[in-house]
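Once you know that position 87 of the sequence shown is 87 in the numbering used here, the rest is easy, because the numbers rise by one and skip nothing. We treat Cβ as the ideally placed atom computed from N, Cα and C, and that holds for glycine.
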Amino acid sequence: MQKKQDPCAHKFPRAIDDEFLQEKLLELTQHGEAGRLARNEGLPFDKAEVLYLDYSNILKLDHLWVLTNLKKLVLNNNWIAKVESIDMLIHLTHLDLSFNKLTKIEGLEKLINLEQLSLFDNQISVIENIDTLQKLVIFSIGRNQINERYNILYLRKLKSLKSLNMAENPCAYEENFRLYVAAFLPQLVYYEYRIIHDLEREVGMETFNEEYFQTEQKETIEKAKQAAKEKELADAQLHARSFVEYLNTRNFSTLCLLMM
């Protein structure tokens, strides 16, 4: 069987700069007069909504801050080892970082409008740092280095998540792993692009009943603690505002005069 060739092999990494971005944006332009004008005059970076940088031998993410209205960014099949310098792309809804060299999920916390995220075929061992992505619907993190199935529990925080791919992770080969996913992620509709049936959820709940009960209890306690913290903060802010308002009243001015 012939070995699949790496499209990035034997090529030098390249930097992202204005010239490179213009080149990639122009590849997406239409033909005809509009396309001719775009090629002659260039495209304004702040108007770009889609950008394909796949198979581009990119080693480091940089200079993407100029694409302030970008909604879809495709970066698959590069040499990227760290996600950085994209936290200002707050309008992103689609991000593809598959087939790279990532070892950690980071730098995505501010991309709160993400709906689709692919981290397929990297070297990630822990699912973390994405609980702010409350609009995320499709998440692919298959073929990574996730050994522990408890990473699934982290995804319970993502209430909009409907489709998950964990295939080819070490934990995904465990017996009844699909049932585990079905039981602990009730918001999911698809796992590995196959629909999750009610029977799978029921069997999963029975199989992992004790662990599920403990998880529910722990989450209830954590929610109560969080609610108490939020109330304490709200009360402190209210007292602070009340004190400031009191400082501005005539009664406070009178009190100061009496104390002189």
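DSSP links residue 94 through a beta bridge to 72 and 116. In the structure shown, residue 58 adopts extended strand secondary structure according to DSSP, grouped into three states.
Between the alpha carbons of residue 47 and residue 201 lies a distance of about 45 Å. For a cut-off of 8 Å, the C-beta gap from residue 129 to residue 108 is around 7 Å, short enough to register as a contact. Per DSSP, residue 150 lies in no alpha helix (DSSP H) and is assigned neither H nor E. For residue 173, there is no enclosing alpha helix (DSSP H), as DSSP marks it with neither H nor E.
By the neighbour-count criterion, in which a residue is buried when 16 or more other Cβ atoms sit within 10 angstroms of its Cβ, residue 181 is buried.
Judged by their CB atoms, residue 134 and residue 97 are not nearer to each other than the 8 Å cut-off. Cβ neighbours of residue 12 within its own chain (closer than 8 Å, five residues either side excluded): 57. Residue environment: residue 17 is assigned as exposed (fewer than 16 neighbouring CB atoms within 10 Å of its CB, all protein chains considered).
For residue 193, there is no enclosing alpha helix (DSSP H), as DSSP gives it neither H nor E. Residue 138 sits in a strand when the DSSP states are folded into three classes. Take the alpha-carbon of residue 22 and the one of residue 160: they are about 35 Å apart. In this structure, the beta-carbon distance from residue 152 to residue 169 does not fall below 8 Å. With at least 16 other beta carbons inside 10 angstroms of its own, residue 141 counts as buried. Apart from sequence neighbours up to five positions away, the residues of its chain that approach residue 190 with a beta-carbon distance below 7 Å are 162, 163 and 196, ordered along the chain.
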